[in-house]
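Heads up: the protein sequence lines correspond to chains Z and F, in order. For the first sequence, my numbering gives the first residue as 9, with consecutive numbering after it. For the second sequence, my numbering gives the first residue as 28, with consecutive numbering after it. First comes the structure, then the notes that go with it.
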Amino acid sequence: MKLNVSGAGFHYDAAVTSGFNNISFSVEDGEVMSILGPNGCGKTTLLKCINSLIKIGKGNIAIDNKDLSGLPRAEIARAIGYVPQLHQPAFPFSVLDTVLVGRAPHLGLLESPKPEDTRIAEQSLETMGIYHLRDKPYTELSGGERQMVIFARVLAQQPSLLLLDEPTSHLDFGNQIRVLRIVGKLAVTGLPIIMTSHFPDHAFLVSNKVALMKQGEFIDMGTPDSVITDSNMEKVYNIKVKVVNIDSGVNRKICVPVGDGGPAADTKNVI
Amino acid sequence: MEFLERKHAFKMKKILPTPFKGFNGISAGIILVCILTGLFILSFAIGRYPISPGDVVKVLVSHVIPIDQTWPDVLNTVVTHIRLPRILAAMMVGASLALAGASFQGLFRNPLVSPDILGVSSGAGFGAALAILLNGNQLMIQVSAFSFALLAVLISYGIGKLVKGNQTLSLILAGMAIASLFGAMLALMKYIADPIDQLPAITYWLMGSLASVGQKGLLYSAMPIILGIVILILIRWRFNVLAMGEEEAMALGVDTGKLRTIIVICCTMITASSVCISGTIGWVGLVIPHVSRVMVGPNHKRLLPVSLLMGAIFLLFIDNIARVVASVEIPIGILTAIIGVPFFVYLLSRKNRGWA
Chain Z
9 MKLNVSGAGF HYDAAVTSGF NNISFSVEDG EVMSILGPNG CGKTTLLKCI
59 NSLIKIGKGN IAIDNKDLSG LPRAEIARAI GYVPQLHQPA FPFSVLDTVL
109 VGRAPHLGLL ESPKPEDTRI AEQSLETMGI YHLRDKPYTE LSGGERQMVI
159 FARVLAQQPS LLLLDEPTSH LDFGNQIRVL RIVGKLAVTG LPIIMTSHFP
209 DHAFLVSNKV ALMKQGEFID MGTPDSVITD SNMEKVYNIK VKVVNIDSGV
259 NRKICVPVGD GGPAADTKNV I
Chain F
28 MEFLERKHAF KMKKILPTPF KGFNGISAGI ILVCILTGLF ILSFAIGRYP
78 ISPGDVVKVL VSHVIPIDQT WPDVLNTVVT HIRLPRILAA MMVGASLALA
128 GASFQGLFRN PLVSPDILGV SSGAGFGAAL AILLNGNQLM IQVSAFSFAL
178 LAVLISYGIG KLVKGNQTLS LILAGMAIAS LFGAMLALMK YIADPIDQLP
228 AITYWLMGSL ASVGQKGLLY SAMPIILGIV ILILIRWRFN VLAMGEEEAM
278 ALGVDTGKLR TIIVICCTMI TASSVCISGT IGWVGLVIPH VSRVMVGPNH
328 KRLLPVSLLM GAIFLLFIDN IARVVASVEI PIGILTAIIG VPFFVYLLSR
378 KNRGWA
């Protein structure tokens, strides 16, 4: 599977918050690409355009050289799975029913899930390690559990490309890392993944490709080590950051904000 | 399909056996069909002219298989010409309103929505009042009510389409606006109506009644109702996908615009056809989906058929009360509220609610 985005542009419209222009990149099997950038830089809009939820104004997006713009929705959904930011569902569907919804692109207008679909949904729950939640109402789950259910749903969809919109936002520290482990686990199977994130550290953890987005444009793209640098971070987020390597048994880079420490630094001095 | 192969990379644990889930769809369906059948037979038996249930079955069966007549001729008239249309109408209207309510609640992802949300009832009310004002006969009143009900929804839908952004929200707002517009025009009709004969006729129509449903009206409205019901029941699983929200449903491969149009057309067809023969009957479309959700949960695969059956049972039950309780018939729209509200409050007060 190969996704090709070339010269894609989308312009401001009253209905959506931010546009982008002249975006080109490609993602193929085994790649995990993180898109980093400040709020409102157009990350989410870009993901929605890749999924054809919004039509791009310029350029083209193709999967395996097949242009997406002419394809029916169900066919796009069989190729691309989308994990949206956390939401509150209107009705307390059971976890299994929620996951079964992922089978929609494989079913006709008049069809309901068959035993085979239920089996696939149950396997997705197994894969995510949440089979025990099968019959619980989705609304009674914690934020972390819900995110797992939505991941199970996208697995049941059996796509060949995953788009994750800030999968770690609104989750506590433990759940953030748990979700990233899932992302890593899926990537190992060869499934290409594109995720937006607010955390450069997460890009170091799971991705092998990083794009930096600012005001609707990619200002740098490449391996995490080459893109997430002191100067790039300052350029994008307008804060001073030091990218340092943690040795002691971890051997991975992290981003540390530097400069005025505020009250936290004061407390340290007092003690 | 590539992904199926990839999945073997994960360690598969043995799938646990399905835990017991209590009330499932099939058992609920069987119970409700039995209740409805019993109530159906019983409804023929009760009334000003009591008939034994055995005779009811015999008269009904005699239409299908020729059997020796052991009952007086008058029973044929009472059962076939007087009670049958009314009983069928009660079941049909109840089923339609409840199904349309459940469908709209799923479409708009809001459990507080009723089938009136796009202005069907206000349009029908205005149409009926206009026909009464013009001294129209029963058929004209029905046709006018039906036409204005469709017109109201059409305008709401058109306005909703004009607005950019969230389609669900703009549809609801447009529906509210159109409903109050037709409400105002209805008030105008009442204001200029002749207070001796026209005004009471309008008022009675608005209270709802199945007393004047004839075989013809029933037949005409049955066709669109059955068509709409069949389509909604066939596509019912898709409501689960729609309930995830517009954008997610699209990401899951659903052409939401097309699906929404189909649902609005079907719901409008069945509610307009119901309202035009029965008058405005409130409450069924709101409360029955809730009761059904408490029974079988929010999955539309079970919820829609159960709402349909529950609606038929509820309105048939209420209409029986309307017929027999007092010497003067009580308007059914009043009874649905008087009996429906306490029941609804009881459900709300229970701890294990099915929708929150």
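Glycine included, each C-beta is placed from N, C-alpha and C at the ideal position.
By the 16-neighbour rule on beta-carbons within 10 angstroms, CYS294(F) is buried.
Ranked by how close their Cα comes to the Cα of TYR76(F), the residues THR64(F), ASP95(F), LEU63(F) and ILE109(F) have ILE109(F) in first place. Annotated as distal: GLY230(Z) and PHE28(Z), with beta-carbon spacing of 9 Å or more. Boundaries of the alpha helix (DSSP H) around ARG161(Z): 151-164. Here VAL40(Z) is near SER215(Z), since their CB atoms are less than 9 Å apart. Chain Z places a beta carbon closer than 9 Å to that of LEU261(F), counting this residue as a contact.
Note on the stretch 53-101 of chain Z: whole alpha helix (DSSP H) runs with a minimum of 4 residues are 81-87, in chain order. Look at THR197(Z) here: in three-state DSSP terms it is coil, with no helix or strand label. Here ILE205(F) has GLY146, ALA179, ILE182 and SER183 as same chain residues with Cβ atoms under 6 Å from its own Cβ, once five neighbours each way along the sequence are excluded.
Taking C-alpha positions only, LEU279(F) is separated from LEU189(F) by approximately 25 Å. Near chain Z, meaning a CB-to-CB distance below 7 Å, the residues of the stretch 270-303 of chain F are ALA270, MET271, GLY272, GLU274, GLU275, MET277, ALA278, LEU279, GLY280, VAL281 and ASP282. Counting along the chain, the unbroken beta strand (DSSP E) around ARG260(Z) starts and ends at 260-265. The alpha-carbon separation between ALA249(F) and GLY255(F) amounts to approximately 10 Å. Counted as a single uninterrupted DSSP element, the beta strand (DSSP E) harbouring VAL40(Z) occupies residues 40-44. In the three-state DSSP reduction, SER79(F) falls in the coil class, being neither helix nor strand.
Contact between TYR139(Z) and PHE101(Z) is absent: CB atoms are separated by about 17 Å, not below the 8 Å threshold. With 16 or more other Cβ atoms inside 10 Å of its own Cβ, ILE252(F) counts as buried. One finds ALA278 in chain F with Cβ atoms closer than 7 Å to the Cβ of ASN59(Z), taken in chain order. No Cβ of chain Z is located within less than 9 Å of the beta carbon of VAL314(F).
TYR90(Z) belongs to the set of residues whose beta carbon lies under 9 Å from a beta carbon in chain F. The C-alpha of ILE348(F) lies about 52 Å from the C-alpha of ALA85(Z).
Here LYS217(Z) carries a strand assignment [DSSP, helix/strand/coil]. Proximity to SER14(Z) across PRO97(Z), LYS243(Z) and ILE69(Z) peaks at ILE69(Z), based on C-alpha coordinates. For VAL84(F), not one C-beta of chain Z is nearer than 9 Å to its own C-beta. Taking PHE33(Z) as reference, the option from GLY67(Z), LYS63(Z), VAL251(Z) and GLN184(Z) with the minimal CA-CA separation is GLY67(Z). The continuous stretches of alpha helix (DSSP H) do not include ILE308(F), and DSSP gives it neither H nor E. Annotated three-state conformation of GLY17(Z) is strand, per DSSP. Under DSSP, the beta-bridge partners assigned to VAL249(Z) are PRO265(Z).
The C-beta of CYS303(F) has 16 or more other C-beta atoms within 10 Å across all chains shown, which makes the residue buried. Our two residues, SER305(F) and PRO142(F), have alpha carbons roughly 15 Å apart in a direct line. In this chain, the beta strand (DSSP E) harbouring VAL35(Z) covers 28-36. Assignment of beta-bridge partners to PHE181(Z) by DSSP yields no partner. If you draw a straight line from the Cα of PHE212(Z) to the Cα of ILE236(Z), it comes to about 9 Å. Identification of chain Z residues near TRP264(F) by a Cβ-Cβ cut-off of 8 Å yields LEU115, GLU119, SER120 and PRO121, ordered along the chain. Excluding residues up to 5 positions away in sequence, LEU220 lie with their Cβ nearer than 6 Å to the Cβ of ILE227(Z) in the same chain. Assigned with DSSP and collapsed to three states, GLY230(Z) falls in strand.
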